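Using my numbering, read the sequence shown as starting at 11 and increasing by one per residue.
Think of the CB as a built atom: it goes at the ideal place given N, C-alpha and C, for glycine as much as any other residue.
Owing to the predicted nature of the structure, the values given are computational and were not obtained by experimental measurement.
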Amino acid sequence: AIHQRSDVCAVPAAGVVAEAMVALVLAQAALEKFGGDSLPETRANIEGYRTRIARPALVG
């Protein structure tokens, strides 16, 4: 009889699921911060944010 080994460890599969969940949560957070009614509006919001954080802060 041929004996085949089968691993039943769920860790590799759980890693894939966890990675997907992290991606979904990060996407949701980005949409909460930058979201708009359309993709062009969301992109404009992101560009505006990048412009704001790139400027040096005014002191005084």
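Need the endpoints of the alpha helix (DSSP H) that residue i sits in, please.
{"i": "Ile56", "result": "49-64"}
{"i": "Gly25", "result": "21-44"}
What is the C-beta distance between residue i and residue j, in whole angstroms, given that I count them as a contact (C-beta under 8 Å)?
{"i": "Ile63", "j": "Phe44", "result": "With a Cβ gap of about 13 Å, Ile63 and Phe44 do not count as contacting."}
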